[in-house]
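Asks: When we follow the working numbering, the leftmost residue of the sequence shown carries the number 559, and every step to the right adds one.
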Amino acid sequence: KAASSSVSSSSSTSLVADAACTNGPNSRQCWSSGFSVKTDFDQKHPVTGNTVTYNLDITNTTCNPDGNGAIECFLINGQQPGPVITANWGDQVVINVKNSLTNNGSSFHWHGVRQLNSVGSDGVGGLTECPIPPGSSRTYSFLATQFGTSWYHSHYSSQYGMGVTGPIVINGPATSNYDIDLGPLPISDWYYGLATRVNDVTLYNLQNNAPPPNGDNILVNGKGMSASGAGSYAQMTLTPGKRHRLRLINTSVDNAIRVKLDGHNLTVIAADFIPTKPLTNQDWILLAVGQRYDVIFTANQTPGNYFFRAEAATDCYSGNNKGGRALFTYSGVTAANPTDSNETPPTNGCTELVTVPYWTQAVDQSQYAAQVQTLSTGVAPGVTTNGQNFALWHLDTTAMMVNWDKPTLQYIFEGNTSYPDPYAVIEVPTEGQWTYWLIQMGQQNPPLPHPIHLHGHDFFVLGSGAGVFSASSATLNFANPPRRDTTILPGLGWVLIAFPANNPGVWLMHCHIAWHISEGLGVQFIESKSTINMPDKATFNSQCDDWRSYSKSMAYPQIDSGL
559 KAASSSVSSS SSTSLVADAA CTNGPNSRQC WSSGFSVKTD FDQKHPVTGN TVTYNLDITN
619 TTCNPDGNGA IECFLINGQQ PGPVITANWG DQVVINVKNS LTNNGSSFHW HGVRQLNSVG
679 SDGVGGLTEC PIPPGSSRTY SFLATQFGTS WYHSHYSSQY GMGVTGPIVI NGPATSNYDI
739 DLGPLPISDW YYGLATRVND VTLYNLQNNA PPPNGDNILV NGKGMSASGA GSYAQMTLTP
799 GKRHRLRLIN TSVDNAIRVK LDGHNLTVIA ADFIPTKPLT NQDWILLAVG QRYDVIFTAN
859 QTPGNYFFRA EAATDCYSGN NKGGRALFTY SGVTAANPTD SNETPPTNGC TELVTVPYWT
919 QAVDQSQYAA QVQTLSTGVA PGVTTNGQNF ALWHLDTTAM MVNWDKPTLQ YIFEGNTSYP
979 DPYAVIEVPT EGQWTYWLIQ MGQQNPPLPH PIHLHGHDFF VLGSGAGVFS ASSATLNFAN
1039 PPRRDTTILP GLGWVLIAFP ANNPGVWLMH CHIAWHISEG LGVQFIESKS TINMPDKATF
1099 NSQCDDWRSY SKSMAYPQID SGL
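Dropping the structure here:
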């Protein structure tokens, strides 16, 4: 399946940079290399020659982030969330990951990172690598061609729900000025039961058209208070009169979350990795799983303590037993929890903010009608286990299930031209062409919205709506549509996205609700197969040999999609 309208190759960095200027509190649009916020990083990006290196070690441990009691979890360097991966736009990022888990493999994915010419570092077991067996290590390396805010997480079944996440910050220019960068603020649902077991319950509930279990709490920057009042909230300090930047990330496994900062209006300046025209006077902001918003606000209220609120978005069919909080305290004021108004967020539909990319780029409309492809999404009978047929989610008629022992890149190394049906492969053969994808929910399915995330690209959201798409009545935007890497597919509705085939590789597209991709709600694009910059074959084969040696007798065999 492919579309056929040519676009310029975005792998070029030879275009003339913007005039040099210095980034500062009143010139955030500038960047020191001569590139600026006007630079569409798909068309050009700096190369600093600088390498930043991080060492991550995932271990079995216990954690008690909200005081409810210690439970089993997997943490990175003993932290919750994991260390912030920080780099500058144009840096080479090298991350050494050691799997010190006792009985689990792992794969580390860098959410939203384009991985231009580095598909082998996308970190998806069964697609771009064999998982990392216990006791082994792997090095991921990529050029930071983008700037902004994201996160990393395990891409090994529902493992990241046990604590295997961390923020990513790529420093670069911005579309609005600010004085202080407060850094990332990851927000996540939290379960007192093991995520892997909640995943199993969710699969069984699906067979009876029942919802998944509710989350037990919402953590903000890895902390929270339990229903009994144990635990503590994460804290941030505000400087009176200063403009602050805050990087919001929904790192949940299931819940769409609405957030607000009491007493302060927020200005959105980026959606996912895409800088946007400032969107002012935002109160409650909805983040689907995997989405990010960079916001700016001025500390212009009476000095004191203010709650940052995080609540499950019930109109997105999200369910959580308790909301989350963080404490924002003006400098010079003693930190103390203010009286909680327990304000209820609005339920005005599970719709994301309509943002306008700062760079104006039209999507070629001339080939759209002839080339658009439909992906039919829903629930259908899937695998049969012990005589029982399980209903599973699918993104394009077939529930996706990969084999950790033989990733897609191995098929390409071997010169195969066909793939197992459960791999849900869609080939996009021609580099430099626009592709258009209508994701359509079947009308007899559970009415759940789905956060759809694409690896290897961001995409343009041409439109979305309820019910069955109608070409004659749908309102589509080709002029300068919203652009991001994670968008909401409305429940029983449709979303139409487009992206240029300008990054050869093997790229997963999936629902970012962990339970749903575990149940098969994904496809993979093999893009421009003949020009993929493949990883080193000897290293790839050696890593897979190590994995296959382990998997023959591993304690917890693969029982889901593997993703």
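Note that beta-carbon positions come from the ideal geometry of N, C-alpha and C, so glycine has one too.
In chain order, what residues of the same chain have a beta carbon less than 6 angstroms from the beta carbon of Ser810, not counting five sequence neighbours either side?
Replies: Within the same chain, Cβ atoms closer than 6 angstroms to the Cβ of Ser810 are found at Ser746, Asp747 and Val847, the five residues on either side in sequence being excluded.
Asks: When DSSP builds the beta bridges, which residues end up paired with Glu989?
Replies: In the DSSP assignment, Glu989 is bridged to no other residue.
Asks: Out of Asn1099, Thr754 and Phe831, state which residue places its alpha-carbon closest to the alpha-carbon of Trp917.
Replies: Residue nearest to Trp917 within the set Asn1099, Thr754 and Phe831 is Phe831 (criterion: CA-CA distance).
Asks: Excluding five sequence neighbours on each side, which residues of the same chain lie with their C-beta closer than 8 angstroms to the C-beta of Thr825?
Replies: Ser734, Pro836, Leu837, Thr838, Asn839, Gln840, Val853, Ile854 and Phe855
Asks: Just verifying my parser: in three-state terms, what is the DSSP assignment at Asp979?
Replies: The answer is helix: DSSP assigns Asp979 an H, G or I state.
Asks: Given Asp1103, which residues of its chain have a CB within under 8 angstroms of its CB, disregarding the five upstream and five downstream residues?
Replies: none
Asks: Using the C-alpha atoms, what's the distance from Leu933 back to Gln1002?
Replies: Between Gln1002 and Leu933, the C-alpha separation is close to 16 angstroms.
Asks: I want to know whether the segment 749-757 touches the segment 672-679 - three or more CB-CB distances under 8 angstroms.
Replies: no
Asks: Between the Cα of Tyr710 and the Cα atoms of Leu761, Asn858, Val642 and Asp1094, which residue gives the shortest distance?
Replies: Val642
Asks: Compare the C-beta of Gly741 against all C-beta atoms of chain D and say whether one is closer than 7 angstroms.
Replies: No chain D is present in this structure, which holds just one protein chain.
Asks: Can you check DSSP and say which residues form a bridge with Trp951?
Replies: DSSP links Trp951 through a beta bridge to Val937.
Asks: Let's see if you can read the secondary structure: which residues bound the alpha helix (DSSP H) around Trp1065?
Replies: From DSSP, Trp1065 is part of no alpha helix (DSSP H) but of the beta strand (DSSP E) over Gly1063 to Cys1069.
Asks: Quick check: what's the CA-CA separation for Gly663 versus Ile1046?
Replies: When rounded, the distance between both Cα atoms is 30 angstroms.
Asks: Just the Cα atoms here: how many angstroms apart are Ser716 and His1070?
Replies: 11 angstroms
Asks: For the segment 792-805 against the segment 685-696, are there 3 or more C-beta pairs whose distance is under 8 angstroms?
Replies: no
Asks: Quick check on DSSP: helix, strand or coil for Gln859?
Replies: coil
Asks: If the criterion is Cβ atoms closer than 7 angstroms, does the pair Leu1020 and Ala1056 meet it?
Replies: yes
Asks: DSSP on Ala928, reduced to helix/strand/coil?
Replies: For Ala928, the three-state secondary structure derived from DSSP is helix.
Asks: Reducing DSSP to helix, strand and coil, say where Thr611 ends up.
Replies: Residue state for Thr611 is assigned as strand, using DSSP reduced to three classes.
Asks: Look at the alpha carbon of Thr892 and the alpha carbon of Gly640, and state the distance between them as a whole number of angstroms.
Replies: 28 angstroms
Asks: If you compare alpha carbons, which of Gly724, Gly1023, Thr988 and Pro904 is closest to Gln998?
Replies: Gly1023
Asks: Can you find the residues in the same chain that come closer than 8 angstroms, C-beta to C-beta, to Asp873, ignoring five residues on each side of it along the sequence?
Replies: Around Asp873: Thr905, Asn906, Gly907 and Cys908.
Asks: For Tyr718 and Ser712, what's the separation of their Cα atoms in angstroms?
Replies: 5 angstroms
Asks: With DSSP run on the structure shown, which of helix, strand or coil describes Tyr750?
Replies: Here Tyr750 carries a coil assignment [DSSP, helix/strand/coil].
Asks: From Asp737 to Tyr762, what distance separates their C-alpha atoms?
Replies: If I take the Cα positions, the gap works out to 50 angstroms.
Asks: What runs of the beta strand (DSSP E), each 3 residues or longer, lie entirely inside the segment 822-868?
Replies: 824-829, 832-840, 843-845 and 850-856
Asks: Pro742: buried (16+ other C-beta within 10 angstroms of its C-beta) or exposed?
Replies: buried
Asks: With DSSP as the reference, label Ala560 as helix, strand or coil.
Replies: Only weak support exists for where Ala560 lies, its pLDDT of 33 falling under 50; the value from the coordinates is given anyway. Coil at Ala560, not helix or strand.
Asks: With three or more beta-carbon pairs closer than 8 angstroms as the criterion, would you say the segment 954-965 touches the segment 1072-1086?
Replies: yes
Asks: Which residue comes first and which comes last in the alpha helix (DSSP H) that contains Cys1102?
Replies: Lys1095 to Ser1109
Asks: So what does Cys588 bridge to, in DSSP terms?
Replies: Looking at the DSSP output, Cys588 bridges to nothing.
Asks: In whole angstroms, what separates the C-alpha of Ala560 from that of Asn1099?
Replies: The pLDDT assigned to Ala560 is 33, lower than 50, so where the model puts this residue is not dependable; a value taken from the coordinates is nonetheless given after this. Taking the straight line from one Cα to the other gives about 30 angstroms.
Asks: Would Cys949 and Leu764 be called neighbours here (beta carbons separated by less than 7 angstroms)?
Replies: The amino acid at residue 949 is misidentified as Cys; the sequence shows Ala. Contact flag set, yes.
Asks: Which two residues bound the contiguous alpha helix (DSSP H) that contains Gln1082?
Replies: From DSSP, Gln1082 is part of no alpha helix (DSSP H) but of the beta strand (DSSP E) over Gly1080 to Glu1085.
Asks: On the CB-based measure, 16 or more other CB atoms within 10 Å of its CB, does Asn608 come out buried or exposed?
Replies: exposed
Asks: With Trp709 as the anchor, note down where its beta strand (DSSP E) starts and where it stops.
Replies: Gly706 to Ser712
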